[in-house]
Structures are given as C-alpha cells and as structure tokens.
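In the numbering used here, the protein residues as written are 4 to 158.
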C-alpha cells in the first residue's frame, strides 16, 4: 500500500499532505489543467510551499483568514491549498456578488490579504476597499491590483 493510500485510509487527514505525498510519488503527473496550461503535482506542491511561506512572511498566522475573490483558476487552487498548508482559513467569496456584499464579506472574515482578479479588485474599490488600505490585494490574473501573485510569492 502506498503512503497516499495509507493517508487516505485514515479516519482523518488533510488535502495538503495528500498533495505532498502525491508529489513525492508522482511528481510529473498532472494536477490541474486550465486551457492549454498544465501544472504537475510537483509544481503544485512547490507553489503551495511558496504560498505558505509568503503568508507566514506577511504575518498571517494559523487560524487567521485570507479571502479569495476571483473565478476558478490554477492560481486560485494553488493559493487555496497553500493557505491550508499554512493552517490559514480561506474565505472563498463569489466574484458575482455586489460590491457592497463583497466589502461586507471581506470585512466580516477579517482577511488582511485578499486575492483578486481585475474585476473583483474594481468591485472592492467601489465598496471602499481601495489600494493602500488596511487590506492588501494580490492579483491572481496579472491585473492592476496592488501586487501580482508572482511578485508576492516567496522564492
């Protein structure tokens, strides 16, 4: 029985460890496909580590929350899973929500870091959450937010 099978057979486990074990045993297998892009389990595991390290660097502690307001993407999944690896709660917020609702949900979850796409960043700005406020917005799609994901990630 492989280590992945043993982990899955346990009564309790976590997805971050399953991804890590899968990356060790099958690093070149494809984890995600989006359009023409592919991300292997090895690449996903490394990106999850970079996300977890970046969250820790920025002072986000286990049990605290981040918010993600963006359509589904490889970057979305990597940030979500990396946050779980760091013990951080994730508030996945629907980008189709009204600006006022998005603002209220971000405020309610207490996230200091908000991962967005361009349209969601504009919605949050309309809700009064502009750049330079108490929350940092990080763009998952290379749009004009405070920081691009690639720039934010630890090496």
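Where is the CB? At the ideal position from N, CA and C, for every residue including glycine. Source: prediction; values computed, not measured.
Start-end ranges of the beta strand (DSSP E) lying completely within the stretch 18–59, minimum 3 residues | If only uninterrupted beta strand (DSSP E) runs of at least 3 residues are considered, those enclosed by the stretch 18–59 are 33–37, 40–43.
Using beta-carbon positions only, say whether residue 157 and residue 88 come within less than 9 Å of one another.
-> At a Cβ-Cβ threshold of 9 Å, residue 157 and residue 88 do not count as neighbours.
Distance, Cα to Cα, residue 33 vs residue 16?
-> Each residue's Cα considered, the two are about 22 Å apart.
Taking just the CA atoms, how far does residue 102 sit from residue 38?
-> Using only the alpha carbons, I get a separation of about 29 Å.
How long is the line joining the alpha carbons of residue 129 and residue 79, rounded to whole angstroms?
-> Straight-line Cα distance between these residues: approximately 23 Å.
Reference residue 94, options 41, 83, 44, closest by Cα | Nearest of 41, 83, 44 to residue 94, Cα basis: 83.
Hey, how far is the Cα of residue 27 from the Cα of residue 131?
-> A direct Cα-to-Cα measurement between residue 27 and residue 131 gives close to 44 Å.
Could you check if residue 123 is buried or exposed, using at least 16 other CB atoms within 10 Å of its CB as the buried criterion?
-> So residue 123 ends up on the buried side.
Roughly how many whole angstroms lie between the Cα atoms of residue 108 and residue 9?
-> Counting only the Cα atoms, residue 9 lies some 38 Å from residue 108.
Any idea what DSSP makes of residue 151, helix, strand or coil?
-> In the displayed model, residue 151 falls within a strand according to three-state DSSP.
For residue 96, which residues does DSSP report across the bridge?
-> DSSP output for residue 96 lists 72 as bridge partner(s).
Measuring alpha carbon to alpha carbon, tell me which of 76, 75, 59 ends up nearest residue 159.
-> Because the chain in this structure spans residues 4 to 158, residue 159 falls outside the shown range and cannot be described.
Residue 82 - DSSP class collapsed to helix/strand/coil | It is helical.
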